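Have a look at the structure below before the remarks.
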Amino acid sequence: MNTVKKIKLKKATYSDRISNEIIKSSFDILIKGFIKVFNLILKSGNFPKAWCEGLITPIFKSGNYLDPNNYRGICVSSCLGKLFCMILNERLMSHVQDRELIHPSQIGFMPGSRTTDHILTLKTIHDKYVNQQKNGKIYACFVDFRKAFDSVWHEGLF
């Protein structure tokens with residue numbers, strides 16, 4: 026599996042203490058076990074509770090130390106759980122791309138897309154519209170999702 030080659034080494038582990046180094050070095054030997062466990066999770070629909078847990082550590086960015094907005098959280102969680110999610114995400118992305126289920130203009134969170142792609146699109150639309158209609162109006166909406174997760178009903182979401 027190519028996904029195992031992509032996992033980064035020297036990352037912290039959580040309660041199961043299974044590191045990416047252990048996963049990478051034992052993968053060839055334990056591949057059938059990993060596949061069996063991951064397929065059982067998919068078949069049963071029961072994601073291990075321990076893989077849902079994590080320890081969030083605030084990391085200071087810059088500015089006033091007393092302002093909570095100047096910190097970003099780093100979550101340490103199960104490396105094995107992350108591997109499962111990476112494999113699942115790659116399968117879903119492959120399914121979506123193979124069947125062309127996402128319109129080409131919907132590039133958010135797609136591999137190879139960047140914020141600058143959206144900026145270029147917006148600039149192109151603006152330039153074209155301004156050149157075609159003088160005194161016209163352009164309306165745009167930008168949504169900042171940074172704080173959205175804090176306002177979500179977490180129990181209902183999970």
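Residues 26 to 183 in my numbering are what the sequence shown spells out, letter by letter. By construction, the Cβ of each residue, glycine as well, lies at the ideal position given by its N, Cα and C atoms. In this text the structure is predicted, and so the values were computed from the model without any measurement.
- Boundaries of the beta strand (DSSP E) around Y96: 96–102.
- Within the same chain, and ignoring the five residues on either side of N89 in sequence, the residues whose Cβ sits closer than 8 angstroms to its Cβ are N95.
- Taking 9 angstroms as the cut-off, the beta carbon of K31 is found closer than this to the beta carbon of M111.
- In the three-state scheme derived from DSSP, where H, G and I count as helix and E and B as strand, I43 is classed as coil.
- P83 has its alpha-carbon roughly 36 angstroms from the corresponding atom of K61.
- Contact between the region 44–61 and the region 128–147 is absent, with fewer than three C-beta pairs closer than 8 angstroms.
- By a beta-carbon distance limit of 8 angstroms, V121 does not contact A37. Their separation comes to about 31 angstroms.
- Exclusion of the five residues before and after W76 leaves S103, G106 as the residues of its chain whose Cβ lies within less than 6 angstroms of its Cβ.
- DSSP places I81 in the uninterrupted beta strand (DSSP E) bounded by 79–85.
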